[in-house]
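Numbering (the numbering used here), first residue to last: 286 to 553.
Next up, the structure:
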């Protein structure tokens, strides 16, 4: 009866170990699913940031190209204005020479000179307007540059925040692994205790065999009871071995999940 009672207690202990093992596997699976979701979200955020940077880079390139074209056009207009000024200056020089040589045409030459001076003033005004437009375009380009720098700073801050989130996630995984290691140690201790109990039962069975040899009158009943106990011990060993295999598989799954997470974080 004492052996039967001990066998029942060992069965209860094995059942409790299996329930704890199932609960830990469920917790590990939840951690794995949460980690995969978090990594998927981080990958999507990184892709979105890449797309935003590409769009911003294209916008900057277009603005820079447009500004360069306008600057080239303004330079051409300025060069054309300078050429016109030189032509008018040459015409003024020729007019002065004609005035010196032909006093009879002085009034007409003076009038023509005034017209040329007026044209020169208008050309100077046109050149000034072109310079103002050029300055305004440079200011716009500088504003685009400042906005781009701010956007890049914001993107860098987002990347830093993602790094901090990954550190928190890594700490959570380490805590889960530590908790699993502690529970694994407890399981090992309980399994060792079960093995010790099994060894005690085996010794008691050996003692019972000796007594059964001395008590032939109860041989049939004792042999039947012994076979039942041996069968239960065999089943208990199988249950303990299965629990240990499940525990080993759980550790392997946890280690694989950690390695995959570290690789994913390193890739990000």
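Using N, Cα and C, we set each Cβ at its ideal position, and we do this for glycine too.
- Residue 297 and residue 290 have their C-alpha atoms spaced approximately 11 Å apart.
- In this structure, the alpha-carbon of residue 486 lies about 12 Å from that of residue 293.
- In this structure residue 318 is exposed. Its beta-carbon is surrounded by fewer than 16 other beta-carbon atoms within 10 angstroms.
- Sixteen is the threshold: since fewer than 16 other Cβ atoms of the shown chains lie within 10 Å of the Cβ of residue 515, the residue is exposed.
- Under a 10 Å Cβ-count criterion, residue 498 is classified as exposed, with fewer than 16 other Cβ atoms of the shown protein chains found around its own Cβ.
- Within its own chain, the residues whose Cβ lies closer than 8 Å to the Cβ of residue 462, once the five positions on either side in sequence are excluded, are 539 and 543, listed in chain order.
- Three or more beta-carbon pairs separated by less than 8 Å link the stretch 332-341 to the stretch 429-449, which places the two stretches in contact.
- Classified as buried, residue 546 has 16 or more neighbouring CB atoms from the shown chains inside 10 Å of its CB.
- Counting the other CB atoms within 10 Å of its CB gives residue 300 a total below 16, which places it among the exposed residues.
- Taking a C-beta distance under 8 Å as the contact criterion, residue 458 and residue 316 qualify as a contact pair.
- Going by C-alpha positions, residue 367 is about 28 Å away from residue 427.
- Between the alpha carbons of residue 347 and residue 358 lies a distance of about 17 Å.
- The Cβ neighbour count for residue 365, taken over all protein chains shown within 10 Å, is under 16; the residue is labelled exposed.
- In terms of Cβ geometry, residue 323 and residue 454 form a close pair [threshold 8 Å].
- Contact between residue 476 and residue 528 holds, since their C-beta atoms are separated by about 7 Å, short of 8 Å.
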